[in-house]
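Notes follow the structure.
There are 2 protein chains.
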Amino acid sequence: MTSRPPRPRERGIPEATVARLPVYLRALQALQDRGTLTVSSEHLASIAGVNSAKLRKDLSHLGSYGTRGVGYEVEYLVYQISRELGLTQDWSVAIVGIGNLGRALANYGGFGTRGFRIAGLLDADPAVVGKTVASLDVRHIDNLEDVVRSKGVSIGVIATPSTSAQGVASRFVEAGVTSILNFAPVVLNVPEGVDVRKVDLSIELQILAFHAQRRADGDSGRGVDRAGLELT
Amino acid sequence: MTSRPPRPRERGIPEATVARLPVYLRALQALQDRGTLTVSSEHLASIAGVNSAKLRKDLSHLGSYGTRGVGYEVEYLVYQISRELGLTQDWSVAIVGIGNLGRALANYGGFGTRGFRIAGLLDADPAVVGKTVASLDVRHIDNLEDVVRSKGVSIGVIATPSTSAQGVASRFVEAGVTSILNFAPVVLNVPEGVDVRKVDLSIELQILAFHAQRRADGDSGRGVDRAGLELT
DNA sequence: ACGTGCTTGTGAAAGCGCGCACAAAGTGGG
DNA sequence: CCCACTTTGTGCGCGCTTTCACAAGCACGT
């Protein structure tokens with residue numbers, strides 16, 4: 140059953156733009172820390188590593204927040220992007236699977252930018268339950284529903300082994316969580332309306348390997364050698 | 140431009156396809172472990188979470204490896220995708236920054252699939268250097284060039300704080316590494332020909348927050364304002 | 001041998017994203 | 001006040017991606 144991912148007609152901001160807004164936001168915050176008051180699209184784009192036209196078009200989806208001949212006011216733009224991304228409110232995050240990765244996530248200072256608060260750490264392993272990680276007690280996975288409800292968790296992070304991931308996801312959904320960040324290398328099956336994002340470390344490596352191999356092929360023998368590739 | 144109409148399998152696999160091949164590969168290996176011999180595009184697509192037509196088109200870029208009326212032979216397809224991704228050879232990986240994340244990566248069993256071998260762990264912190272992580276000694280960052288050359292490292296992983304990331308990247312490049320996987324939330328500046336992929340945990344969270352906020356807006360019919368926070 | 005039933009491989013069309021290039025709009029100097 | 005200069009916002013075309021829909025191809029039962 141190929142259920143369609145949550146891809147309704149986004150009347151607002153293109154998906155590609157949304158994915159870049161956090162990058163702009165980080166660049167702007169760095170400028171803000173250095174005391175910069177205004178910035179041109181050219182400058183900001185070079186910091187963020189994108190084309191300046193793309194940056195301007197992205198920002199134009201939020202509104203006309205720039206001043207022609209001058210640029211963008213850093214502080215104002217930080218606020219506008221933060222608001223658009225929903226970072227002006229707090230999001231409660233629960234992390235399931237306190238292995239190496241889960242610990243890394245829990246200790247990820249402030250979880251990136253402000254706006255995210257770790258509300259609970261959960262694990263199934265009795266050897267881990269009860270330990271303190273990042274100033275939080277690790278609770279048993281059985282408390283998932285409790286934690287979600289009492290702490291108002293709206294984002295669930297799955298850092299468990301692949302075999303447990305689907306079960307945890309289902310429980311998250313059952314408990315009312317509609318946003319899931321999945322680090323387990325499996326495709327999660329969730330009902331419509333639940334947003335799942337996947338981060339897969341080994342996939343990134345494999346993509347790197349593909350390009351590296353391609354480069355190596357081109358280096359040694361210029362031209363496309365199709366000879367000798369056949370396997371019988 | 141000489142005419143070259145008949146060129147079925149050129150060296151050009153679309154980027155979007157490359158990004159999905161690892162997903163198919165994992166799904167196929169799961170099938171293989173269960174003893175499945177053949178699989179239809181429909182079935183494989185549902186496991187991989189994609190449209191079946193997309194899957195077929197993706198696979199068609201590798202060649203005609205299916206049998207009409209039957210499907211794809213799992214083992215053969217595993218081999219073909221592995222070969223295309225460059226996983227039939229070994230890639231040496233060096234990880235810099237053995238904090239929580241670095242440790243998580245080092246312990247990431249077999250680093251996803253076979254094909255990747257962790258050749259070295261490096262850190263700048265004297266408190267970490269000398270420790271053993273994932274059966275490997277953590278060496279001081281000064282040895283980066285040594286490790287790269289002696290172990291033939293071709294992929295560098297950066298799991299350092301943001302402030303150190305650019306420096307490490309430059310040293311990787313200087314030492315001849317042309318593939319970099321960056322976990323630090325900064326845009327790396329590298330010369331042409333160097334492939335950088337970025338994994339940013341907080342960006343993923345922010346994208347989730349954006350969609351969650353949007354859903355909340357539509358659901359309640361009321362705008363999500365700071366006034367409407369449920370702080371009971 | 002031959003039809004029936006699946007499944008692949010692929011044109012074709014629609015959708016999306018990117019970047020050029022330029023008009024519009026604001027600034028500052030004289 | 002006017003002009004030269006800077007920078008934003010965007011119309012437009014191009015190329016990549018996705019999806020549909022279907023002809024071609026293969027297996028199997030009769």
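Chains as they are written, first to last, in the numbering used here: chain V, 140 to 371; chain A, 140 to 371.
Glycine included, C-beta positions come from ideal geometry on N, C-alpha and C.
Just so you know, these numbers come straight off a predicted model, no measurement behind them.
query: G362 of chain V in three-state terms, based on DSSP; result: Note that G362 of chain V has pLDDT 38, beneath the 50 cutoff, so the model's placement of it is unreliable and the number below is only indicative. Three-state result, G362 of chain V: coil.
query: Three-state secondary structure (DSSP) of A273 of chain A; result: coil
query: Q228 of chain A versus F255 of chain A - alpha carbon distance; result: 9 Å
query: Three-way DSSP call (helix, strand, coil) for T156 of chain A in this model; result: helix
query: Within chain V, partners of R165 of chain A - CB distance below 7 Å; result: P324
query: Three-pair Cβ contact test at 8 Å for the stretch 171 to 190 of chain A versus the stretch 204 to 215 of chain A; result: yes
query: Under the three-state DSSP convention, the category I237 of chain A falls into; result: coil
query: A351 of chain V - DSSP class collapsed to helix/strand/coil; result: helix
query: Length at least 4, wholly inside the stretch 167 to 252 of chain V: the alpha helix (DSSP H) runs in chain order; result: 180 to 187, 191 to 199, 213 to 224, 239 to 246
query: Alpha carbon of Q305 of chain A to alpha carbon of V189 of chain A, nearest angstrom; result: 36 Å
query: V292 of chain V, DSSP secondary structure in three states; result: coil
query: Close-in-space but distant-in-sequence residues of the same chain around D372 of chain V (CB under 7 Å, 5 per side omitted); result: Missing from the structure shown is residue 372 of chain V; chain V here goes from 140 to 371 and no further.
query: Interface residues of chain A facing T317 of chain V [CB-CB closer than 7 Å]; result: A351, R354
query: Closer than 8 Å at the beta carbon, the chain A residues around I294 of chain V; result: L344, L347, A348, A351
query: Helix, strand or coil at N328 of chain V according to DSSP, with G and I counted as helix; result: coil
query: Cβ neighbour criterion (16 or more within 10 Å) applied to D172 of chain V; result: exposed
query: Pairwise C-alpha distance: L194 of chain A and E181 of chain A; result: 8 Å
query: Cβ separation of D242 of chain A and V272 of chain A, assumed to be a contact under 8 Å, to the nearest whole Å; result: Residue identity differs from the one stated: residue 242 of chain A is Arg in this sequence, not Asp. Rounded, the Cβ-Cβ distance is 6 Å, consistent with contact.
query: Chain V contact for R173 of chain A (CB, 9 Å cutoff); result: no
query: Beta-carbon gap between V217 of chain V and I257 of chain V smaller than 9 Å; result: no
query: Neighbour-count burial assignment, Y163 of chain V, 16 or more Cβ in a 10 Å radius; result: buried
query: Rounded separation between K196 of chain A and E154 of chain V - CA only; result: 24 Å
query: Reduced DSSP category for A258 of chain A - H, G, I as helix; E, B as strand; rest coil; result: strand
query: Assigned secondary structure, D339 of chain A (DSSP; H/G/I helix, E/B strand, else coil); result: coil
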